[in-house]
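Written out below as structure tokens is the structure these notes cover.
Protein chains in written order, with this note's numbering: chain A, -18 to 456; chain B, 617 to 790.
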């Protein structure tokens, strides 16, 4: 039983019924392609073509196609890898951590956010694999019995931890996403008219009927998966940060990295969720499900994580000075005033200053400004990784090997290409999969729709003494 | 053998929950209830026991932990010991990340595979759904009809008085 507050805004607007939810979400899947969707897909396919060409150049001619040199051996590739993995984390945060906290507003965005996680991890995985130089030997990172002299992988290496972390994260996220999709696939299956659609969704829905026992197990599985995914997502970015933190490079060797990276990941991920959701709700007319209330809630997460990131930047600087290590001090002075000062200050502006605008309610609830700020955060978080990686490497202990890094057209091509790959996957998902979790939105409808809220308001007005509304049986 | 069912169709979760309570109290056995979303409180009124899947997840997780520790200790400590960074062969703190990841992997996959098996979920082209609206906006209560035992008109009345908006009959070919 739960009290419905008359002050709290409804999560689903427009007086929807259960059937309206089914209609609104299935329309995309059942109707022919929307012209705006087709235009978006065409643009994404151009990006994908750029990706394929750049990968072909990298594989055919080798890593020399990239701008790396002997001093800066990691640059755009690892920057993009960390950027994409970080983006992915918001999806898990929304679907797992907000589930544990019983935040009901997650229900209409969790499906798309989890899809974002999966596609972002796919994009991320491209970079370390391509950087291997001989990606066809990528299976060498796994501990398999071999004839090279029973030489096993090095379990002391953070790069190997990454292999386990990213692959576990990807597979668990995929399973979590799929479990949530099964009941919705069943809805589409039971409405499908064409023979291909009926068969395809029948196979995808795994014979789901929605029986009470199956739902009971489904809820248990979702809860346990959320409980497993929560420490998993924290561990993944912790391990990613250890790729840097366990080395002895000034600017990398810091204990603040794990929490700082995790906060940054959630920060950038929420920005990407906002970017995608503002496009998706417009493209598919989901304004009643992804409301301003959702946008505002996400913007609040952005202020929190953005401020944590800001504190982390300051702490890093302070500790560099306080450590008394001249190399460490130089690394930080060089970041802010050296040849890459523009990258550092872009990062500071985009990540620390712009999100603070969300303290104003009018900005939090403005779609245009939210969209613009979310793009700023995406850019800022890319610069953060670039600053950490390139400025720390380009000038370390030995001045004779100091160097600068500049990307080649292939570096740019692969990066832009993964954005194309990401949007291609995301738009295909939007067309063929239910983009909003119908079952979960239906489950909150009775307690959080506009109708109930008007009802709750009148109840409240007429009967001030009675606070519990017995109609709303929930959780 | 064909089985016959009487289906009571409901359109509200609270009406459904009261109906289940009353119908069970009247001594009628409910075969199953199908709903478009998980209805909270339905487990109690239907007498569904709590799922034991968390226990499965726990034991699969423990298996993952043991496997990961055994794998790393055996590979780097016994099968092919190497000195890496002057650390001991069996450097347990460095083995924690992989151990953790495999624990989660085994727990998640073990539980989900068990869930598929016990709920008989598998990719198939033919799906027996009593009423297709149960994945859209209706709650469907199925009661098995036993020839000569079940009084159909009484059952119809029982369902209707407990808020069913429709009562249908359905034969299922096994």
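Built from N, CA and C at the ideal position, the CB exists for glycine as well.
Between residue 748(B) and chain A, is any beta-carbon pair separated by less than 8 Å? Looking up residue 748(B) in the second chain gives position 132. By this cut-off, residue 748(B) is an interface position.
Spatial neighbours of residue 786(B) within its chain, please: CB distance less than 7 Å, with the 5 preceding and 5 following residues excluded, ordered by chain position. For this step, residue 786(B) is matched to residue 170 along the second chain. Excluding positions up to five away in sequence, the list reads 621, 623 and 746.
Could you give the uninterrupted runs of the alpha helix (DSSP H) lying entirely in the segment -3 to 74 of chain A, keeping only those of 4 residues or more? -1 to 11, 16 to 42 and 57 to 73
CB residue 66(A) to CB residue 267(A), shorter than 8 Å? On the first chain, residue 66(A) is found 85 positions in, with the first residue counted as 1. On the first chain, residue 267(A) is found 286 positions in, with the first residue counted as 1. Between residue 66(A) and residue 267(A), the C-beta gap is not smaller than 8 Å, which leaves the two residues out of contact.
Throw me the rounded Cβ distance for the residue 774(B) and residue 642(B) pair, which I believe falls under 8 Å. As a first step, residue 774(B) must be located in the second chain, where it is residue number 158. As a first step, residue 642(B) must be located in the second chain, where it is residue number 26. Correct: roughly 6 Å between the Cβ atoms.
Chain D beta carbons: is any one of them nearer than 8 Å to that of residue 787(B)? Absence of chain D from the displayed structure is noted, the protein chains being A and B.
Can you check whether the C-beta of residue 626(B) is within less than 8 Å of a C-beta belonging to chain A? One-based indexing of the second chain puts residue 626(B) at position 10. No - not a single Cβ of chain A is within 8 Å of the one on residue 626(B).
For residue 215(A), three-class secondary structure by DSSP: As a working mapping, residue 215(A) is identified with position 234 in the first chain. Residue 215(A) falls in the helix class under three-state DSSP.
Tell me which residues of the segment 766 to 783 of chain B have at least one Cβ-Cβ distance to chain A shorter than 9 Å, keeping chain order. none
When you compare only the Cα positions, how much space is there between residue 239(A) and residue 219(A)? Numbered from its first residue, the first chain carries residue 239(A) at position 258. Numbered from its first residue, the first chain carries residue 219(A) at position 238. Residue 239(A) and residue 219(A): Cα-Cα distance of roughly 4 Å.
Quick one: what does DSSP say residue 624(B) is sitting in, helix, strand or coil? As a position in the second chain, residue 624(B) is number 8, starting the count at 1. Three-state DSSP puts residue 624(B) in a strand.
Sequence-distant residues of its chain with Cβ nearer than 6 Å to residue 711(B) (five each side left out): The residue labelled residue 711(B) in the question sits at position 95 within the second chain. Once the five neighbours on either side are set aside, the close Cβ partners of residue 711(B) are 688.
Tell me which residues share the same chain as residue 77(A) and place their Cβ nearer than 6 Å to its Cβ, disregarding the 5 neighbours each side in the sequence. If you number the first chain from 1, residue 77(A) lands on position 96. The answer, listed in chain order, is 207, 210 and 211.
Unbroken beta strand (DSSP E) run spanning residue 650(B), endpoints: Along the second chain, read from residue 1 onward, the residue named residue 650(B) stands at position 34. Start and end: 648 to 650.
Burial state of residue 23(A) (16 or more Cβ within 10 Å): If you number the first chain from 1, residue 23(A) lands on position 42. Exposed: under 16 other Cβ atoms inside 10 Å.
Just checking: is the beta-carbon of residue 669(B) within a distance shorter than 8 Å of some beta-carbon in chain A? Here residue 669(B) refers to the residue found at position 53 when the second chain is read from its first residue. Cβ-Cβ to chain A under 8 Å: yes for residue 669(B).
Separation of residue 227(A) from residue 94(A), as counted between CA atoms: Here the question's residue 94(A) lines up with position 113 in the first chain. Here the question's residue 227(A) lines up with position 246 in the first chain. Cα to Cα, residue 94(A) sits roughly 31 Å from residue 227(A).
Whose C-alpha, out of 644(B), 764(B) and 755(B), is nearest the C-alpha of residue 782(B)? Here the question's residue 782(B) lines up with position 166 in the second chain. Ranking 644(B), 764(B) and 755(B) by Cα distance to residue 782(B) puts 755(B) first.
Taking only beta-carbon atoms, is residue 735(B) less than 8 Å away from chain A? Residue mapping note: residue 735(B) aligns to position 119 of the second chain, counting from 1. Among the CB atoms of chain A, one or more fall inside 8 Å of the CB of residue 735(B).
Would you say residue 694(B) lies against chain A (beta-carbon separation less than 8 Å)? Position 78 of the second chain, counted from the first residue, corresponds to residue 694(B). It does not: the Cβ of residue 694(B) has no partner Cβ on chain A nearer than 8 Å.
Confirm, please, whether the CB-CB distance from residue 407(A) to residue 264(A) is below 8 Å. Position 283 of the first chain, counted from the first residue, corresponds to residue 264(A). Position 426 of the first chain, counted from the first residue, corresponds to residue 407(A). In this structure, residue 407(A) does not lie closer than 8 Å to residue 264(A) by Cβ.
Along chain B, which residues have their Cβ under 8 Å away from the Cβ of residue 85(A)? Here residue 85(A) corresponds to residue number 104 of the first chain, with the count starting at 1. Within 8 Å Cβ-Cβ: nothing; residue 85(A) doesn't reach chain B, min ~12 Å.
Should the segment 108 to 122 of chain A be called in touch with the segment 55 to 69 of chain A, which here means at least 3 C-beta pairs below 8 Å? yes
Would residue 47(A) and residue 370(A) qualify as a contact pair, given that the criterion is a beta-carbon distance under 8 Å? Counted from its first residue, the first chain places residue 47(A) at position 66. Counted from its first residue, the first chain places residue 370(A) at position 389. It is not a contact, given that the beta carbons lie outside the stated cut-off.
Looking at C-beta atoms only, is the number of pairs between the segment 648 to 658 of chain B and the segment 188 to 203 of chain A that lie closer than 8 Å three or more? yes
Range of the contiguous beta strand (DSSP E) that encloses residue 710(B): Position 94 of the second chain, counted from the start, is the residue given in the question as residue 710(B). Per DSSP, residue 710(B) belongs to no beta strand (DSSP E); it is in the alpha helix (DSSP H), 708 to 734.
Anything in the segment 93 to 125 of chain A with a Cβ closer than 7 Å to a Cβ of chain B? List those residues in chain order, please. 124
For residue 341(A) and residue 724(B), I'd like the C-alpha separation in whole angstroms. Numbered from its first residue, the first chain carries residue 341(A) at position 360. Numbered from its first residue, the second chain carries residue 724(B) at position 108. Approximately 41 Å between the Cα atoms of the pair.
Neighbour list for residue 424(A) in chain B, Cβ cutoff strictly below 7 Å: Along the first chain, one-based indexing puts residue 424(A) at 443. Residues of chain B whose Cβ lies closer than 7 Å to the Cβ of residue 424(A) are, in chain order, 653 and 654.
Determine, for residue 731(B), whether the minimum Cβ-Cβ distance to residues of chain A falls below 8 Å. In the second chain, the residue the question calls residue 731(B) occupies position 115. Interface residue, yes.
Supposed close pair residue 661(B), residue 637(B) - CB separation, criterion 8 Å: Locating residue 661(B) in the second chain gives position 45, where the first residue counts as 1. Locating residue 637(B) in the second chain gives position 21, where the first residue counts as 1. The pair is a contact, with the Cβ atoms about 5 Å apart (cut-off 8 Å).
Stretch pair the segment 298 to 309 of chain A + the segment 342 to 353 of chain A: three plus CB contacts closer than 8 Å: no
Endpoints, the beta strand (DSSP E) within which residue 786(B) is located: As a first step, residue 786(B) must be located in the second chain, where it is residue number 170. Residues 782 to 789.
Beta bridge counterpart(s) of residue 757(B) as assigned by DSSP: Sequence index remark: in the second chain, residue 757(B) carries index 141 (1-based). In the DSSP assignment, residue 757(B) is bridged to 624(B) and 649(B).
Which residues bound the alpha helix (DSSP H) around residue 643(B)? On the second chain, residue 643(B) is found 27 positions in, with the first residue counted as 1. Segment: none, residue 643(B) is in no alpha helix (DSSP H) and carries neither H nor E.
With contact counted as at least three CB pairs below 8 Å, one residue from each stretch, are the segment 693 to 711 of chain B and the segment 151 to 171 of chain A in contact? Because the criterion of three Cβ pairs below 8 Å is not met, the segment 693 to 711 of chain B and the segment 151 to 171 of chain A do not touch.
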